[in-house]
Amino acid sequence: MNIGQDTNINNDTHHLLQMGWTSHFQAQWEPFSNNGLIPARVTGVRKNSFYTSNGKSEWLATLSGRLKYDTGGLYPATGDWVLMTDAVISRVLARENTLSRGASGARSKQEAQPQKEQVIAANLNTVAIVSGLDQDFNLRRIERYLTLVYNCGLDPVIILTKADLHPDPDHFAGEVEAVAFGVPIHLVSASEDTGLAALTPYLAFGRTMAMVGSSGAGKSTLVNRLYGKAVQPTASISTHVGKGKHTTTSRDLIMMPQGGMVIDNPGIREISFWEVDQGIDAAFPEIEKLGLECRFADCTHTREPGCRVLGAVDGGEIPRGRLENYWKMKRELEYLSHRRHKSAGRVEKERWKEVTLKIKAMKKGNDRII
Ligand SMILES: Nc1nc2c(ncn2[C@@H]2O[C@H](COP(=O)(O)OP(=O)(O)O)[C@@H](O)[C@H]2O)c(=O)[nH]1
Ligand SMILES: [Mg+2]
Ligand SMILES: [Zn+2]
16 MNIGQDTNIN NDTHHLLQMG WTSHFQAQWE PFSNNGLIPA RVTGVRKNSF YTSNGKSEWL
76 ATLSGRLKYD TGGLYPATGD WVLMTDAVIS RVLARENTLS RGASGARSKQ EAQPQKEQVI
136 AANLNTVAIV SGLDQDFNLR RIERYLTLVY NCGLDPVIIL TKADLHPDPD HFAGEVEAVA
196 FGVPIHLVSA SEDTGLAALT PYLAFGRTMA MVGSSGAGKS TLVNRLYGKA VQPTASISTH
256 VGKGKHTTTS RDLIMMPQGG MVIDNPGIRE ISFWEVDQGI DAAFPEIEKL GLECRFADCT
316 HTREPGCRVL GAVDGGEIPR GRLENYWKMK RELEYLSHRR HKSAGRVEKE RWKEVTLKIK
376 AMKKGNDRII
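Sequential numbering of the sequence shown, starting at 16, is according to my numbering.
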């Protein structure tokens with residue numbers, strides 16, 4: 016079945032398409048479409064329950080007994096597509112992409128890196144890194160978010176909000192531009208309603224944009240302003256009305272009047288990496304490029320003679336803080352990749368142990384039959 020060609024299907028699935036449904040999900044649903052299973056998107060994750068919507072109806076769904084014990088590694092996250100009957104989720108469809116980080120809960124004192132993946136959101140078109148132009152503004156944090164987003168293979172944009180707090184907001188935009196090559200940067204103010212129109216393309220029909228950034232950056236205020244009314248609790252509202260009242264009604268994925276969706280994530284206090292990919296190269300392209308001219312092919316740009324990168328820092332072309340941030344993240348990612356390697360070996364070992372036990376059990380069973 017090809018969505019978009021068959022007009023009947025197009026009409027039938029218009030509400031799904033609006034929620035971001037693509038042929039990638041359609042192909043996974045087809046084998047089950049006669050079993051009474053319907054597709055829906057996860058719009059909010061609560062304790063043991065999930066808000067889901069197909070664009071027409073909304074449910075508070077639970078996991079089927081089987082899924083509860085074996086999710087096949089796919090525990091539903093906000094933005095996931097699932098198959099369900101009677102508000103019971105029996106399948107999580109393979110994702111197009113995920114924004115993941117290391118879960119801080121898994122940290123122990125000895126280990127510098129977390130061990131569990133936390134999917135912040137799934138099936139995204141855009142990740143907006145939101146940063147307020149207040150005392151919290153921090154270039155190094157923006158670099159870290161960029162590395163995180165690139166490591167997940169996703170497309171970042173940067174939203175600099177609270178532009179009203181500064182007489183010369185363009186100055187900040189310039190600073191960010193110098194550390195985020197080629198990334199769209201949007202200067203906005205939610206309180207003065209400026210710059211918001213430039214965000215409309217990210218909210219076009221069927222598109223999903225996730226917002227990440229520190230707590231207090233101004234994400235929820237921005238969502239409300241883009242929506243045209245208060246749909247998300249913000250720092251200023253929740254102190255008046257009380258948090259509890261809002262958290263029960265708010266969703267993480269919000270259908271916007273512009274036609275697309277926004278995922279408003281709670282502030283990430285600590286940006287731990289999970290995915291290890293080309294994020295560093297993408298976030299620090301000028302360092303990677305200059306590095307090709309270093310005297311040693313395996314130059315770490317820390318102390319080697321003939322290092323072009325250190326030369327550029329001395330010459331004032333690259334801020335020292337930026338190089339130090341690069342070192343720090345490079346170390347973290349190398350450590351993570353090393354550990355990942357080790358634990359992959361361990362997983363394999365455990366799998367073989369399981370297989371051996373199964374074979375033994377089967378042999379025993381056979382003996383009995385014979
Ligand atoms: N001056 C100014 N303050 C803002 C703006 N956007 C948000 N704020 C304030 O920043 C605080 C945190 O906003 P909130 O949306 O709750 O941040 P979130 O944690 O990222 O969702 C609130 O007190 C907002 O009123 C803005 O554009 N200008
Ligand atoms: Mg918020
Ligand atoms: Zn070097």
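Idealized CB from N, CA, C, for every residue including glycine.
Quick caveat, the model's predicted, so the values are computed rather than measured.
Requested in this report: Quickly, what does DSSP pair P281 with across the bridge? List them, please.
Outcome: Working through the sequence shown from its first residue, we reach residue 281 at position 266. Beta-bridge annotation (DSSP): P281 is not paired with any residue.
Query raised in the report: What three-state label does DSSP hand T100 in the structure shown?
Result: Start at 1 with the first residue of the sequence shown, and residue 100 comes out as number 85. Residue state, collapsed to three classes: strand.
Query raised in the report: Got a sec, what are the start and stop residues for the beta strand (DSSP E) V142 sits in?
Result: Counting from one through the sequence shown, the residue named residue 142 turns up at place 127. Where V142 is concerned, the enclosing beta strand (DSSP E) stretches over T141 to G147.
Requested in this report: Thinking A213 and G274 are a contact (beta carbons under 8 Å), I'd like their distance in whole angstroms, please.
Outcome: Taking the first residue of the sequence shown as position 1, residue 213 is located at position 198. Taking the first residue of the sequence shown as position 1, residue 274 is located at position 259. Not confirmed; about 16 Å, so no contact.
Query raised in the report: How is V191 classed by DSSP in three states: helix, strand or coil?
Result: Taking the sequence shown and counting its residues from 1, the one referred to as residue 191 is at position 176. Reduced to three states, the DSSP call for V191 is helix.
Query - Inter-residue spacing [alpha-carbon to alpha-carbon] between T315 and P46 - result: Working through the sequence shown from its first residue, we reach residue 315 at position 300. Working through the sequence shown from its first residue, we reach residue 46 at position 31. Between T315 and P46, the C-alpha separation is close to 51 Å.
**Report entry** Beta-carbon gap between E339 and F288 smaller than 8 Å
**Finding:** Sequence index remark: in the sequence shown, residue 339 carries index 324 (1-based). Sequence index remark: in the sequence shown, residue 288 carries index 273 (1-based). Going by C-beta atoms, E339 is not nearer than 8 Å to F288.
Query raised in the report: If we ignore side chains and look at the alpha-carbon of each, how far apart do T28 and R106 end up?
Result: Within the sequence shown, numbered from 1, the residue matching residue 28 stands at position 13. Within the sequence shown, numbered from 1, the residue matching residue 106 stands at position 91. The alpha-carbon atoms of T28 and R106 are separated by roughly 19 Å.
Report task. Take the Cβ of F311 as the centre, count every other Cβ of all protein chains shown within 10 Å, and call the residue buried at 16 or more, exposed below. Result -> Position 296 of the sequence shown, counted from the start, is the residue given in the question as residue 311. Looking at its Cβ environment, which holds fewer than 16 other Cβ atoms inside 10 Å, F311 is exposed.
Report task. Give the secondary structure of G336 by DSSP, where H, G and I count as helix, E and B as strand, and everything else as coil. Result -> Translated into positions along the sequence shown, residue 336 becomes position 321. G336 falls in the helix class under three-state DSSP.
Query raised in the report: Between the C-alpha atoms of T254 and R56, what's the straight-line distance to the nearest angstrom?
Result: The residue labelled residue 254 in the question sits at position 239 within the sequence shown. The residue labelled residue 56 in the question sits at position 41 within the sequence shown. Note that T254 scores 47 on pLDDT, short of 50, meaning its location in the model is unreliable; the coordinates nonetheless yield the value given after this. Cα atoms of T254 and R56: separation of roughly 31 Å, rounded to the nearest angstrom.
Report task. May I have the straight-line CA-CA distance separating I173 from G80, to the nearest angstrom? Result -> Here residue 173 is taken as the residue at index 158 of the sequence shown, counted from 1. Here residue 80 is taken as the residue at index 65 of the sequence shown, counted from 1. Spanning the two alpha carbons is a distance of roughly 41 Å.
Query raised in the report: Which class does Y341 belong to by DSSP, given the choice of helix, strand or coil?
Result: Reading the sequence shown from its first residue, position 326 is the one you call residue 341. In the structure shown, Y341 sits in a helix (DSSP, three-state: H, G or I).
Query raised in the report: Under the criterion of a Cβ to heavy atom distance below 7 Å, does H39 qualify as lining ligand 3?
Result: Taking the first residue of the sequence shown as 1, we reach residue 39 at position 24. H39 Cβ: outside cutoff for every heavy atom of ligand 3.
**Report entry** Those residues which DSSP pairs with R106 across a bridge
**Finding:** Along the sequence shown, one-based indexing puts residue 106 at 91. Per DSSP, L98.
Query - Close-in-space but distant-in-sequence residues of the same chain around T262 (CB under 6 Å, 5 per side omitted) - result: Mapped onto the sequence shown, residue 262 falls at position 247. Bear in mind that the predicted position of T262 carries a pLDDT of just 43, short of 50, making it unreliable; the figure below should be weighed with that in mind. Hits under 6 Å: none found.
Report task. Could you tell me whether the Cβ atoms of M226 and V328 are closer together than 8 Å? Result -> In the sequence shown, residue 226 corresponds to position 211, counting from 1. In the sequence shown, residue 328 corresponds to position 313, counting from 1. Going by C-beta atoms, M226 is not nearer than 8 Å to V328.
Requested in this report: Pick helix, strand or coil for S204, following the three-state DSSP scheme.
Outcome: As a position in the sequence shown, residue 204 is number 189, starting the count at 1. Of the three classes helix, strand and coil, the one that applies to S204 here is strand, per DSSP.
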